[in-house]
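*Asks:*
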Amino acid sequence: MAESTLDARQDARPTAGHVTLERVNTPPAQTWNYLRANDITLTVPVHSRKGDVFFALPRLFEGVECGMGPTVTAWAESQAKDAHYVEVKAGEKRKEPIAAQEDTGVMVRAGAEATIVICTQPDGPVQDTTAALVRVIAERGARVHLLEFVCGGSDQRLDSVGIVADEDARIDVRQFFLGAGTTAAGLAVALDGNRARLDLTCRYLGREQDILDINHVVRQRGRNTHCDVRESGVLDGHAKKSLRATIDLVHGSSGSEGAELENVLILSDDVTNKTMPVILCDEDDVAGNHGASIGSVGPEQIQYLRDRGLSMQEAEGLYVRALFDEALICAPTPQTRAAVLARATDVLGSEVANDLVDGLGLRDAEEV
Amino acid sequence: MSERTEKRTQVADVDRSLYDFTYSEEGYERYEDGLTPDIVRAISEKKDEPQWMLEMRLAALDTYHAKEMAPNWGPSIAGLDMDHISTYVSPRTKQAKSWEDVPDDIKNTFERLGIPEAERESLAGVGAQYDSEIVYHNMREEVAKDGVVYTTIEDALHDPQWEPVVHEYFGTLIPPADHKFAALHYAVWSGGSFVYVPAGVTVEYPLQSYFRLNAEGAGQFEHTLIIVEEGADLHFIEGCSAPKYYEANLHAGAVELFVKDGARLRYSTIENWSKNMYNLNTKRARVGADAKMEWVSGSFGSHVSYLYPTTILQGARSSCEFSGITFAGATQDLDTGCKVILNGPHTTASMDTKSISKDGGCNTFRSSVVIGRRAEGARATVSCQSLMLDDISRSDTIPAMDVRNATASVGHEATIGRISDDTVLYLMSRGCTEAEARTMVVGGFANPVSKELPLEYAVEMNNLIKLEMEGAIG
Amino acid sequence: MSNQLLRVSGLSAGTEDKPILHDVSLAVGAGETHVLMGPNGAGKSTLGHVIMGDPAYQVSSGTIEFDGKDVTEDAADKRSLAGIFLSYQAPVEVPGVPLYSYLRTITQKRPELKMTARKFRARVGEIADQLDMGSSFLTRELNVGFSGGEKKKIEMLQLLLLRPKLAILDETDSGLDVDALSVVSRGIETYRADCDGALLVITHNTRILERLKVDRTHVMVQGHLVAEGPASLIDSIDEHGFEQFEKASAVAGGERA
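Residue numbers (this note's numbering), protein chains in the order written: chain A, 1 to 368; chain B, 369 to 842; chain C, 843 to 1099.
1) So is A/Arg9 in contact with chain C if we call contact Cβ pairs under 8 angstroms?
2) Which residues of the region 292-323 of chain A have a Cβ closer than 9 angstroms to any Cβ of chain C? Give them in chain order.
3) Is there at least one Cβ from chain A nearer than 8 angstroms to C/Gln931's Cβ?
4) Helix, strand or coil for A/Leu57 per DSSP?
5) DSSP state of B/Tyr614, grouped into three classes?
6) Tell me the DSSP secondary structure of A/Asp7 in three-state form.
7) In chain B, what lies closer than 7 angstroms to A/Thr225 by C-beta?
8) Taking 8 angstroms as the CB-CB limit, is B/Glu689 close to chain A?
9) So, at 6 angstroms on beta carbons, what are the nonlocal neighbours of C/Leu848 in its own chain, with the 5 sequence-adjacent residues on each side left out?
10) Look at A/Ser253 and A/Thr225 and say whether their C-beta atoms are less than 8 angstroms apart.
11) Curious, which full-length beta strand (DSSP E) runs of at least 3 residues does the region 938-1025 of chain C contain?
12) At the level of alpha carbons, what is the spacing between B/Ser636 and B/Val565?
13) Closer than 6 angstroms by C-beta to A/Ala327: which residues in its own chain qualify, once you throw out the five before and the five after it? Chain order, please.
14) Alpha carbon to alpha carbon, what distance is there between A/Leu265 and A/Arg207?
15) Looking only at C-alpha atoms, which of A/Glu102, A/Lys274, A/Leu42 sits nearest to A/Tyr34?
16) Does any residue of chain B bring its CB to less than 8 angstroms from the CB of A/Thr333?
17) What are the start and end residues of each continuous beta strand (DSSP E) run of 3 or more residues lying completely inside the region 512-596 of chain B, in chain order?
18) Is the beta carbon of A/Gly291 sitting closer than 8 angstroms to the one on A/Leu243?
19) Rank A/Asp155, A/Gly105, A/Leu146, A/Ala110 by C-alpha distance to the C-alpha of A/Pro125 and give the top, closest one.
20) For the region 655-706 of chain B, which segments carrying the beta strand (DSSP E) assignment without a break, of at least 3 residues, lie completely within its bounds, in sequence order?
21) For B/Trp819, I'd like the list of residues in its chain whose CB is within less than 8 angstroms of its CB, leaving aside the five on either flank, ordered along the chain.
22) Assess, as a yes-or-no matter, whether the region 644-653 of chain B is touched by the region 662-677 of chain B under the definition of 3 or more beta carbon pairs within less than 8 angstroms.
23) Counting only runs of 3+ residues fully inside the region 844-902 of chain C, write out the beta strand (DSSP E) ranges in chain order.
24) Just by C-beta distance, which residues in the region 754-777 of chain B are closer than 8 angstroms to chain A?
25) Which residue's Cα is closest to the Cα of B/Leu633: B/Glu598, B/Ala616, B/Ala610?
26) Run through DSSP, which three-state label would A/Pro45 get?
27) By Cβ distance below 8 angstroms, which residues in the same chain neighbour C/Val901 in space, the five residues on each side in sequence not counted?
28) Using a Cβ-Cβ cut-off of less than 7 angstroms, give me the residues of the region 777-794 of chain B that come near chain A, in sequence order.
29) Taking 8 angstroms as the CB-CB cut-off, is B/Ser500 touching chain A?
30) Got a sec? Which residues, its chain only, sit under 8 angstroms from A/Pro28 by beta carbon, not counting five neighbours each side?
31) Going by beta carbon distance, what residues of the same chain come within less than 6 angstroms of B/Leu403, once the five residues before and after it are set aside?
32) Look at the Cβ atom of A/Ala188, then the Cβ atom of A/Ala131, and state whether they are nearer than 8 angstroms.
33) Quick one: is A/Ala329 near chain C, going by C-beta distance under 8 angstroms?
34) According to DSSP, is B/Ser763 helix, strand or coil?
35) With 16 as the cutoff for other CB atoms within 10 Å, does C/Lys1089 come out buried or exposed?
36) What separation, rounded to the nearest whole angstrom, lies between the Cα atoms of C/Leu955 and B/Arg742?
Given below as C-alpha cells:
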C-alpha cells in the first residue's frame, strides 16, 4: 500500500513561479570559491500555499540537520502537502519498508528497527522538479536502514536527508544516484550518542549532460562513535559531479573513528569531477582517515579483464552494469526494483536489463 | 648526528631568545600608518621607480580597497587593522656588500640568526632584509662569472639591462587582482630579490634571502622574482623571523618563480615569524616542459597564516614535489597547504604534508589539485598527515580535487590522529621520559620534511620543534 | 605436427628495456598437459603473459600460433575468445565490480556459452559448490578483500565456467594452504575431465603435479628453454634441482655472446 505514495513528487498544482536557492549543499568547512566546489545553486518551482492549512512535523524534527541545508528544508516544507510522520514503537522490528514522501519524519524508538525507502518514479511523464525531505531520529539502540534510489523521472531531483543517532544506534545508508538530469542530494548524520555507528555506501552514475551534486556530512559527537563512508561512481559523457564529504570529529568524541573513501572512474575527457573530502578534528583521541582515487580503469584491471575476453569498451561498460546489479540486489520492494530496472533499460538497453533481473532470480518472486 | 649538531641543539635548548630580541628603530624612516595614494607615491618616489611601476602600485591600491576577503573560509584576520600598520619602515643605511658596512644593531641581529656564518660555509650568496629594505646583498664571485644575477628588484629596475626583464615578468604570475593581499602587496612592495640564472648554469650552492621584521606594528612586503632559464638549476632558501610584539604585524610578500624548460628549482622556506604576525604570503611557480619544481616548506611562526605555494605545471612532462610541515601552537591559526594545476600532458605532482597541533593551536591543511582537459596521463598524489598532541587543539583537512581528463589519475590520502600510547609506552620502557618519547615521535613525524632541507636548516627546524614541544606535556 | 593447439616458435620477448625470453619454442597438443618448470626469475610467468598477449611485454621475434592461427599480433581479449585462459599468480583486485556482474559479462561474450541468466546462475552455483565456495561471494567485489586461497578459487571458477581450450596456470599453487591446494587441484582435474582442455602448468613446486597425468615437461632457465622431456623429468628435478640446467643455460648464453 505504501508503495503507491512512494515518490515525493510535485503533482500538477499550478506553479506560482520559480525561486533560486543559493548556497545549497554547502559543507561545514569550505574552500577557495574560484574552484566552484563549495555549493550549488538551484532554481526550483514554487507553488503558492497561501491559505492552506497543513500538518507540519513535530517541532522536535526542527533540530535535525539536513544535508542540503536550511534553504532547501524551508522550501521543501513550504511545498510539501501534509508532512508525513511515522513512529516505530520501541523494540518493534518493522519489516515493511517506510516509503518516504515529500516531507517525512521518522521516529525510530529505542531498540526498534526500520527500513526507510526514498525512490523516484521514472515511469510516466517527466516532471520538472521532484524532492524528498526526510528526517529520522534513531533512539538508543535503534537500527535504521535507509535506501535511496534516484532513477530519473524528473529533470531535477533534490533529496535532503538528516539523521540523528542516539547511543548504540546503528544507521546504514545505501544511496544509488543513477538518474538523468540534475541530482542534488545532501545527507547529514549526527552520531550524537556514544557508540552510534554509520555505514554509508553511495554509488552514482553520471553520463551525457548529467549534473550530480552530493553533500555528505557526518558529525561525530558521542564517544566511541564509528563511521565508514564509501563512495564510488562512474562518470561518462559531459557529466559534472561534485562530491563533498565531511567527517566532523567534534570535541568530546574521544575514541571515535571516521573513515571516508571515494573511487571515481572517469570514462570521458569531457567529464568534470570535483571531490572535496574534508576531515575536521577537534579531539585528539580519535582516528580520521580519508582517501580518494580518481582516474580511469587501472592498467592492471584492464589487462585482467581483457585476458578474460572483454574489449576495452566492454571492460568499462562492466562498471556501469555493476552499479545496476548492485542497486537491484539492494532494492527491497517491487516498486524500487521497477525503478532501477526502468533506468537500467534506458542506460544499458532492455536485453541487459532483463538479464540483470533474470540473473538475480527476482522475476520468479515477483511473478508469483 | 654530528658533534656539531649536538652542540647547536644544546645551545638552542637554553636560548629561547634566539628569535625574540629587538633593537630600537630610533632614527629610522617610518611612514605613517595606513594606506593612502600619498604613501604609495612616497614609496615609489623614494625608490626612484619607472612610471609603469608607480602606475601598477596605484592601480593595485584601488584593487585592494575594492576587494573583500572571502567570507566563507579561512582564519579570521579581524585583529589586523591596516590603519595601524606602517607599510614602510627603513633603517637609515645603505645596502652593503660587506657585513662590516652593516650597522651594528642590524649586523648583530643577523649574526645571532647565524646568517653570515651560513654564508661563509654553505651558500653561494645571501640577501638580508631588515624591515622594508635589503641591508646586505652579496654573492660569490665565481657564481657571478657564470652570469647569475642575484640582486634586489630595486637595483634591477635601475639597471638598463634588467629593467625590461623585470617589466616583462613582474606581476604576471601573481596578478595584483589575485586576492586582496596580493593587491596590497603590489601597492606597497619593497625589498626582496631578483634572481636570474642563465640557460644551462647549475648554481652549486644555494642562494639565501633572510627576512627580518624588527619594527612593531609594521608590514613587510618583499617581492621575490626568480627566473631559471632552460636547463639551469638553482636552490633558493628563504628564512623569515621577527621578534614578538603585542601589536599586529603583517607580512604580505609575493614570490614569482619562472622555471623554464628542462630547468630545476628548489625553493626552501623556514618561516618562524613571531606570534603576532599575520602571514598572508603568496608564492607561485610556472614550470616549463621537462622542468622540475621542488618546494620544501616549514611553517612554525605567525599568529595567522594563509600560505599555499602554487605550482602551474604548464609544460609537458613537468613535475612538482611539495614537502611541507606546519606546527601550530597556542594562539596560532595556520591555514597552509599547496595548490597544483596540471595543464601539460604527462605532468606529475606529489605533495606530502604534515601538521602538528598543540596547546590549542589550529591547523588547517588546504589544498587543490586541478587537472585540465589537455593533461593526458597526468598524475597527482596528495598525502596529508596530522598529529594532534592534546584535546584542546584543532586540525582540519580540506583538500579539493578537480579532474577533467579521463587518462589522468589522482590519489589522495589523509590521516588524523595522535601519538599512540603504545609507542610512548614502548619508548618509556626503554628509558625515555614521556616528554622525550613524545618529542622523539614528533621529530620522526617531521623527519621526511627535515631531511629535504640542507643540514643547517634541518637542525634549525629540529630545534624549533624541540622548543615548541617543551611544555607541551603538562 | 600441424595439429598442435599452441605452437610457440622462436619467440623472443621482453620489456622495453630488458629482454627476458630468448628464442623459445614449445608446442602443446589439444588435451595435453604440459609443465613448465624453472627457478625463480627464469621467465616462466613472462612466457605465460606473452602467450596471453600482455602489452607490458613486446615480442621482438618469433610467432605464437593458436588453433591454427597466428595470434602474435592479437589483443588479449581476442586470444581469450579464441580459447586461451591465463590464471594469474596474483589475481588483480577490481573494485566497483561485483563478481556476479563480471562472470555474467565475460560469459555472455562467448556464443558457445550463451544461456539464460537463470541457468547461468545455477551453473555458477554448481561450480561454486565443487570448489567449496559459499554463495555470498557473488555480490562481493571481484577479488577485493579475498584471501590468496579465495582468489585462486575464483580463478578456478572462471576456468570451469569459460571452458577454454588451453589453460595456462601461473603458479596457481603458490602460497596456498593444504585445503585450498586440494580444492584447486580438484578444479584442475575437473577441467581436464569435463572440458578436455590442454594445460600448461607453470610451477616450481611439484606437489600440485602429483594428481595430474603430465605429458611433457619443459625447463626454463634465464629465459631459455633448456630441456624438454617426459613426465619423469619432474622426478629428476625433484631430486637434483635446477643446477644441471643452469650450467646448460650458461653455455647457451655463452654461445650467443
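Yeah, the Cβ is synthetic: ideal placement off N, Cα and C, and Gly gets one too.
*Replies:* Short version:
1) Interpretation of A/Arg9 is limited by its pLDDT of 40, a score under 50 that renders its predicted location unreliable; the figure taken from the coordinates is listed afterwards. No, A/Arg9 lies away from the interface with chain C (no Cβ there is under 8 angstroms from its Cβ).
2) Ser293, Val297, Gly298, Pro299, Glu300, Gln301, Gln303, Tyr304, Leu305, Arg306, Asp307, Arg308, Gly309, Leu310, Ser311, Met312, Glu314, Ala315, Gly317, Leu318, Tyr319, Arg321, Ala322, Leu323
3) no
4) coil
5) coil
6) Confidence is the limiting factor: at A/Asp7 the pLDDT is only 39, short of 50, which leaves the residue's position unreliable, though a coordinate-based value still follows. In this structure, A/Asp7 counts as coil in the three-state DSSP scheme.
7) Near A/Thr225 there are no residues of chain B at all, since even the closest Cβ is about 15 angstroms away, more than 7 angstroms.
8) no
9) Val870, Phe908, Leu1008
10) yes
11) 1008-1012
12) 17 angstroms
13) Phe176, Val340
14) 12 angstroms
15) A/Lys274
16) no
17) 517-519, 560-565, 575-580, 591-596
18) no
19) A/Asp155
20) 660-667, 672-675, 678-681, 687-696
21) It is Lys, not Trp, that sits at residue 819 of chain B in the sequence shown. Hits under 8 angstroms: Ala826.
22) yes
23) 846-857, 860-871, 875-879
24) Ser754, Met756, Leu757, Asp758, Asp759, Ser761, Arg762, Ser763, Asp764, Thr765, Ile766, Pro767, Ala768, Met769, Asp770, Val771, Arg772, Asn773, Ala774, Thr775, Ala776, Ser777
25) B/Glu598
26) strand
27) Leu853, Ser854, Ala855, Val892, Thr914
28) Ser777, Val778, Gly779, His780, Glu781, Ala782, Thr783, Ile784, Gly785, Arg786
29) no
30) Val217, Thr246, Asp248, Val278, Leu280
31) Met450
32) no
33) Before going further, note that residue 329 of chain A is Ile rather than Ala in the sequence given. By this cut-off, A/Ile329 is an interface position.
34) strand
35) exposed
36) 42 angstroms
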